[in-house]
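Q: The following block contains the structure, expressed as structure tokens.
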DNA sequence: AGCATCACAGATAGCGGTATCTATAGAAGA
DNA sequence: TCTTCTATAGATACCGCTATCTGTGATGCT
């Protein structure tokens, strides 16, 4: 009695082989197409495959061939436009390189990140892309380094996207953009407009990205010979709500502030909402600048002056770096940013523009 | 000479077993924890695992155990807030059920969707979740049906999220929300405000979701004894740009329109931008309503009156339905929507509110 | 003491592919 | 004509894990 795939079971190479009257090996060759098979034989096999609706078993294949054609990427939250844009870049590049995407979220929880990277190791992903800022703690840096080494040992590759490598000589690829420079440029823009009391709002303490941004903010102040006032740096989250709350407090405590540099566009949206609620006009009374240039930025009222970050390219580069490695291949890319001037920044009312 | 994992190769069960001085089977039992192992033995094994930094091979496991612990979801574009929110729901539920997420995008291309579903079949995903509206063509319906049957045959499950099942008796689960009812409610709201010439903007021709929405729009007109004017339904894409372009044309051709019902909030953002550019005030001159209630909606100026769609729940239900199937388990869920009234709708200037 | 019962650990056989070697025709060359 | 290729297909041995069966001391019971 001919062996036929029972219901609920998928046909295997052997099933196809039997139906086509050839060996399993021949079918395998037709499927992967990396070995000459005589046209008539190939036709028979293709026919049998179609008849049985055969699909290869990716797990069996990666077990035998030790290559998974899979890249994993780990983000805080898919919902954030920042991550979504990078995700799009990753997905694009991955699929154009014939890879599948594994998606995991950490909700900003370092513990979950640990679990998730472990999961990716189980999956033998070719690359694991960690997106977003890193926590500036020694243990976190140590753990990232451990990830990198563990993945390397497994023949996989860690890619840090939008965060710096924790130490030199680690087997990681990094794709970054110039946070410090961007923050410097935007702060300079505000200073050049005559602002002297500029609040930086939405700083998540101890996150690499913001630390760099604050550094740029400070350097700009120094270069313009404006004293740095620590009380103008307001810690919070990267959310709209945080922007609102921080702004409420800021307006209350520091009515002398004439400009707000929000850590992200999302925070800026919250800032604008809070100011509007309080009857503060933007940019007449207070200027507001953002960071990211997410699609929403130009839809805010007033349209947001912000820093453009090439998110999608960030994602694409991450995959490219991970997949094309070899002698002479780069393993570190720094992408440029630039400020986008819209309508939310203007000189302060009583400004003495230099 | 003791067999040790060579560099570049990951340790296997056998390596751990050898180091712990037990059999591979015992190690397997410790790892999966579904069989009693004497505490001292377990300790030895755990020690060896830690020493070697052992990680199971998910592919080998799913090959042997014939269960992949993976759900796949297929969206048009991760960047769209609509999809991102659903994705979040999917990811949440999946990870809380111990499943991994495979992400694929189709860019609205039915051909790519075909390829992608094939890929998911190769991966033996436990469930494949198709997100977003379906094309209303016979061949598309036929193909969806084919997907459903093929996946069912492989012991997997197709879940349609936000689109109806193409035919009865198909092995699919569906999670929908009431497009027709929501559009009816919103149109009624506009009509009740006194609007009589309401444009529906951003209709992608032949997409199930919009067809349903247009149906609700028409039913509301009928119930309010207002004639349906086909020239007020403007076809386009679900993008901000499309909203802008369609509005430009609309204002030009139909200056008598007093309200615009945008197909999505994203389109509404474009509509608002176009109206603002033309100096048309919202809601004083023209009212605008959206659909989706994405986070951006409340940040628009004026804050957008829109239909709230429970995206995240949609995603969660999709996973739940796919994973918990059995006698008596539901395989179809319809989630409710409701309109969210903000500031973008008001009676028309010369309105005679009934 | 004598035997059934446990609780645990090992042996074995695949899961569904691919790498690699071997076998067998027919074509080509001497 | 006989050997040597070359093109094609088959056989075999894993990849790393789990299901399932078998073995064996220690325990409980009469």
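Chains as they are written, first to last, in our numbering: chain H, 936 to 1289; chain R, 936 to 1289. Even glycine gets a Cβ: it sits at the ideal position worked out from N, Cα and C.
#1: Counting Cβ pairs closer than 8 angstroms, one from the region 946-954 of chain H and one from the region 983-992 of chain H, do we hit at least three?
#2: With a Cβ-Cβ cutoff of 8 angstroms, do residue 1095 of chain R and residue 1109 of chain R count as a contact?
#3: Ignoring anything shorter than 4 residues or poking outside the region 1205-1271 of chain H, list the alpha helix (DSSP H) runs there in chain order.
#4: Shorter than 8 angstroms from the beta carbon of residue 1243 of chain R to some beta carbon of chain H?
#5: Is the beta carbon of residue 1198 of chain H less than 8 angstroms from the beta carbon of residue 1226 of chain H?
#6: I'd like to know whether the C-beta of residue 1096 of chain H is nearer than 8 angstroms to at least one C-beta of chain R.
#7: Which of helix, strand or coil does DSSP assign to residue 1130 of chain R?
#8: By Cβ distance below 6 angstroms, which residues in the same chain neighbour residue 1271 of chain H in space, the five residues on each side in sequence not counted?
#9: Assign residue 976 of chain R to one of three DSSP states: helix, strand, or coil.
#10: For a cutoff of 8 angstroms on Cβ pairs, would you count residue 969 of chain R as touching chain H?
#11: In this structure, does DSSP put residue 1161 of chain H in helix, strand or coil?
#12: Applying the 10 Å Cβ sphere with the 16-neighbour rule, what's the burial state of residue 1279 of chain H?
#13: Output yes if chain R places a C-beta closer than 8 angstroms to the C-beta of residue 1209 of chain H; else output no.
#14: Considering only C-alpha positions, which residue in the set H/1194, H/1044, H/991, H/996 is nearest to residue 1135 of chain H?
#15: Using a 10 Å radius around the Cβ and a threshold of 16 neighbouring Cβ atoms, would you call residue 967 of chain R buried or exposed?
#16: State the CB to CB distance for the pair residue 1083 of chain R and residue 1105 of chain R, rounded to an integer number of angstroms; the pair is presumed to be in contact (CB under 8 angstroms).
#17: Can you tell me whether residue 1157 of chain H is buried or exposed? The criterion is at least 16 other CB atoms within 10 Å of its CB, across all chains shown.
#18: Could you tell me which whole alpha helix (DSSP H) segments of length 4 or greater appear in the region 1016-1083 of chain H?
#19: Measure the C-alpha to C-alpha separation of residue 940 of chain R and residue 947 of chain R and round it to an integer number of angstroms.
#20: Three or more C-beta pairs under 8 angstroms: does that hold for the region 1165-1179 of chain R against the region 1230-1248 of chain R?
#21: Between the alpha carbons of residue 1173 of chain H and residue 1129 of chain R, how many angstroms are there, rounded?
#22: Report the option in R/1251, R/1230, R/1250, R/1252 whose CA atom is closest to the CA atom of residue 1242 of chain R.
#23: Counting contacts by CB-CB distance shorter than 8 angstroms, is residue 1035 of chain H in contact with chain R?
#24: To the nearest whole angstrom, what separates the beta carbons of residue 1056 of chain H and residue 990 of chain R, a pair I think is in contact under 8 angstroms?
#25: When DSSP builds the beta bridges, which residues end up paired with residue 1112 of chain H?
#26: Note down, in chain order, all residues in the region 981-999 of chain R with a beta-carbon under 7 angstroms from any beta-carbon belonging to chain H.
#27: Going by DSSP, what residues sit across from residue 1007 of chain H in a beta bridge?
#28: To the nearest angstrom, how far is it from the Cα of residue 1141 of chain R to the Cα of residue 1184 of chain R?
#29: How about residue 1005 of chain H and residue 1038 of chain H: are their beta carbons less than 8 angstroms apart?
#30: Strictly under 8 angstroms for the Cβ-Cβ distance: is residue 1078 of chain H near chain R by that measure?
#31: Quick one: does residue 1059 of chain R have its CB under 8 angstroms from some CB of chain H?
#32: Report the rounded CA-to-CA distance for residue 942 of chain R versus residue 1090 of chain H, giving the unit in angstroms.
#33: For the region 1210-1221 of chain H against the region 1145-1162 of chain H, do three or more pairs of beta-carbon atoms, one drawn from each stretch, fall closer than 8 angstroms, so that the two count as touching?
#34: With the cut-off set at 8 angstroms, would you say residue 1010 of chain R and residue 1040 of chain R are in Cβ contact?
#35: Does residue 1231 of chain R have its Cβ less than 8 angstroms from a Cβ in chain H?
#36: Give every residue of the same chain whose Cβ lies closer than 6 angstroms to the Cβ of residue 1267 of chain H, excluding the five residues on either side of it in the sequence, and list them in chain order.
A: Taking the coordinates as given:
#1: With a cut-off of 8 angstroms, the region 983-992 of chain H and the region 946-954 of chain H count as touching, because enough Cβ pairs lie within range.
#2: Less than 8 angstroms divides the Cβ of residue 1095 of chain R from the Cβ of residue 1109 of chain R.
#3: Runs of the alpha helix (DSSP H) inside the region 1205-1271 of chain H: 1246-1258.
#4: It does not; no Cβ of chain H falls within 8 angstroms.
#5: Yes. Within cutoff.
#6: Under the Cβ distance rule, residue 1096 of chain H does not count among the residues neighbouring chain R, no pair being separated by less than 8 angstroms.
#7: Shown here, residue 1130 of chain R sits in coil according to DSSP, grouped into three states, outside any helix or strand.
#8: Around residue 1271 of chain H: no qualifying Cβ.
#9: When DSSP states are grouped into helix, strand and coil, residue 976 of chain R belongs to the helix group.
#10: Taking Cβ atoms only, chain H never reaches closer than 8 angstroms to residue 969 of chain R, which makes this a no.
#11: Coil, per DSSP.
#12: Classification of residue 1279 of chain H: buried, given that the 10 Å Cβ count is 16 or more.
#13: So, not an interface residue.
#14: Ranking the options by Cα distance to residue 1135 of chain H, first place goes to H/1194.
#15: Classified as exposed, residue 967 of chain R has fewer than 16 neighbouring CB atoms from the shown chains inside 10 Å of its CB.
#16: So it is a contact: roughly 5 angstroms between Cβ atoms.
#17: It is exposed - the Cβ of residue 1157 of chain H has fewer than 16 other Cβ atoms within 10 Å.
#18: The region 1016-1083 of chain H contains, as complete alpha helix (DSSP H) runs of 4+ residues, the segments 1016-1031, 1045-1057 (chain order).
#19: With a pLDDT of 43 at residue 940 of chain R, under the threshold of 50, the modelled position of this residue cannot be trusted, and the question is left open.
#20: No, because fewer than three Cβ pairs between the region 1165-1179 of chain R and the region 1230-1248 of chain R fall closer than 8 angstroms, the two stretches do not touch.
#21: Rounded to the nearest whole angstrom, the C-alpha separation of residue 1173 of chain H and residue 1129 of chain R is 41 angstroms.
#22: For the residues R/1251, R/1230, R/1250, R/1252, the minimum Cα distance to residue 1242 of chain R belongs to R/1230.
#23: Yes, residue 1035 of chain H counts as interfacial toward chain R.
#24: About 5 angstroms; that satisfies the 8 angstroms criterion.
#25: As computed with DSSP, residue 1112 of chain H is found in a beta bridge with H/1270.
#26: Considering only beta carbons, the part of the region 981-999 of chain R lying closer than 7 angstroms to chain H consists of 988, 990, 991, 992, 993, 994, 995, 997, 998, in chain order.
#27: Residue pairing for residue 1007 of chain H: DSSP places it in a beta bridge opposite H/1037, H/1063.
#28: Here the C-alpha atom of residue 1141 of chain R lies approximately 22 angstroms from the C-alpha atom of residue 1184 of chain R.
#29: Result no, Cβ atoms of residue 1005 of chain H and residue 1038 of chain H do not sit closer than 8 angstroms.
#30: Chain R places no beta carbon closer than 8 angstroms to that of residue 1078 of chain H, leaving this residue out of the contacts.
#31: With a threshold of 8 angstroms between beta carbons, residue 1059 of chain R makes contact with chain H.
#32: With a pLDDT of 49 at residue 942 of chain R, under the threshold of 50, the predicted position of this residue should be treated as unreliable, though the coordinate-derived value follows. Rounded to whole angstroms, residue 942 of chain R and residue 1090 of chain H show a C-alpha spacing of 9 angstroms.
#33: Because the criterion of three Cβ pairs below 8 angstroms is not met, the region 1210-1221 of chain H and the region 1145-1162 of chain H do not touch.
#34: With a cutoff of 8 angstroms on beta-carbon distance, residue 1010 of chain R and residue 1040 of chain R are scored as near each other.
#35: It does: the Cβ of residue 1231 of chain R has a partner Cβ on chain H nearer than 8 angstroms.
#36: Taken in chain order, the residues that qualify are 1109.
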